[in-house]
Each structure stands twice: as C-alpha cells, then as structure tokens.
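**Student:** In this note's numbering, the protein residues as written are 0 to 154. Just so it is clear, CB atoms sit at the ideal spot from N, CA and C, and this is done for glycine as well. This one's a predicted model, so the numbers in the text were calculated from it and none came from an experiment. So that we are looking at the same thing, I have put the structure below in structure tokens.
Quick look at the structure:
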C-alpha cells in the first residue's frame, strides 16, 4: 500500500471514522472469525461505503472515479468483507432480476403463447371444409369493409 501511494497509483488513504461519532464503537472488536468479521467491523464498513458514495458524486463531475479500498488483517477476513460489501448486494440484485425475468418477461411471453394457442383452437372450429361457409365468411367480411368505409365517409 505504501509503495502504491508513493508511486501515485492511489492517494493516501482516508480514516473514515469520526472520533466524536456516538455510534462509533468504543473498543476494537474481539473474537473475530470469518463468519462474523462483517458484523464486528460493520460500523467501519458502512462508514467506508458511505464515504465512498459521497466522493462518487463529487468525482463524477470531474470525470474520475473514487476507489473503495478496505484493508483487513487476514486474507480470510478480506474474503468475508468482500462478500459482505460486494457479493451479497450483487446476489440480491441478481435474485431480483431473475424474479423479474421469470414473472415479468416470461409471464408476458407465456401469456401471449397461451392467447395465440387458445385463439388458434377457436379459429380451427371455423374450418369446416365446406365452400359455402367460406363464401359466406368472405361476403360478411366484404359487407363489414363497405360499412366501415361508409361510416368514415359520412361521419
């Protein structure tokens, strides 16, 4: 990290917690495991994400993006922190999009398929094989077209 700051790859990190914040834990967390690291460091993680969001809106106007960089003591904590900050929200978004796809998009497609299937079943009954019924249908259609043309002309 120090070399990256020295080489101006990243800027010097910011300490994100405020000493006078009443929500700030008074002591460092203890008995940290992979399963509870996000919970134990939750205050600092939320503060870091909030600070990143604030910087995002400012830097967007400058045409650049701030980087969210969270350092932890052990690699296994890094995996759990990454999971809590990035993976879980992404998983929720993915589940919401899958639900929308299944209920929304697939619902519309399946509904249209059912409507066309039902409509074609009803239209199939009109096909009797008798020429006289087809001629009667064509004559009814011609009268309907003439009626519409007359209605439009005299309205």
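Can you list, in chain order, the residues of its chain whose CB lies under 7 Å from that of residue 135, leaving out five sequence neighbours each side?
**Tutor:** Here residue 135 refers to the residue found at position 136 when the chain shown is read from its first residue. Nothing listed; no residue qualifies.
**Student:** Taking the CB atoms as reference points, tell me whether residue 48 and residue 84 lie closer together than 8 Å.
**Tutor:** Taking the chain shown and counting its residues from 1, the one referred to as residue 48 is at position 49. Taking the chain shown and counting its residues from 1, the one referred to as residue 84 is at position 85. Yes, these two residues count as a Cβ contact at 8 Å.
**Student:** Taking only runs that begin and end inside the segment 61 to 133, name each unbroken alpha helix (DSSP H) of 4 or more residues, in chain order.
**Tutor:** If we require 4 residues or more, the alpha helix (DSSP H) runs fully inside the segment 61 to 133 come out as 74 to 81, 87 to 99, 105 to 125.
**Student:** What are the boundary residues of the alpha helix (DSSP H) that includes residue 39?
**Tutor:** By one-based count along the chain shown, residue 39 stands at place 40. Segment 36 to 39, the alpha helix (DSSP H) holding residue 39.
**Student:** Could you give the DSSP three-state label for residue 154: helix, strand or coil?
**Tutor:** Counting from one through the chain shown, the residue named residue 154 turns up at place 155. Correct three-state label for residue 154: coil.
**Student:** Considering only the beta carbon of each residue, do residue 36 and residue 93 sit closer than 8 Å?
**Tutor:** Working through the chain shown from its first residue, we reach residue 36 at position 37. Working through the chain shown from its first residue, we reach residue 93 at position 94. Against a cut-off of 8 Å, the Cβ pair of residue 93 and residue 36 comes out as no contact.
**Student:** Across the segment 61 to 80 and the segment 114 to 123, are there enough close Cβ pairs to call them in contact, namely three or more that are closer than 8 Å?
**Tutor:** At 8 Å Cβ cutoff, the stretches do not touch.
**Student:** By the three-class DSSP mapping on this structure, what secondary structure does residue 26 have?
**Tutor:** As a position in the chain shown, residue 26 is number 27, starting the count at 1. It is coil, neither helix nor strand.
**Student:** Any idea if residue 149 is buried or exposed, counting beta-carbon neighbours within 10 angstroms, 16 or more meaning buried?
**Tutor:** Position 150 of the chain shown, counted from the start, is the residue given in the question as residue 149. By the neighbour-count rule (16 or more Cβ atoms within 10 Å), residue 149 is not buried but exposed.
**Student:** Measure the Cβ-Cβ separation of residue 42 and residue 23 and say whether it is below 8 Å.
**Tutor:** To locate residue 42, count along the chain shown from 1; it is residue 43. To locate residue 23, count along the chain shown from 1; it is residue 24. Going by C-beta atoms, residue 42 is nearer than 8 Å to residue 23.
**Student:** Tell me whether residue 31 sits in a helix, a strand or coil according to DSSP, three-state version.
**Tutor:** Stepping through the chain shown from its first residue, residue 31 is reached at position 32. Three-state result, residue 31: coil.
**Student:** In whole angstroms, give me the CA-to-CA distance for residue 62 and residue 31.
**Tutor:** The sequence position of residue 62 within the chain shown is 63, counting from 1. The sequence position of residue 31 within the chain shown is 32, counting from 1. Cα to Cα, residue 62 sits roughly 39 Å from residue 31.
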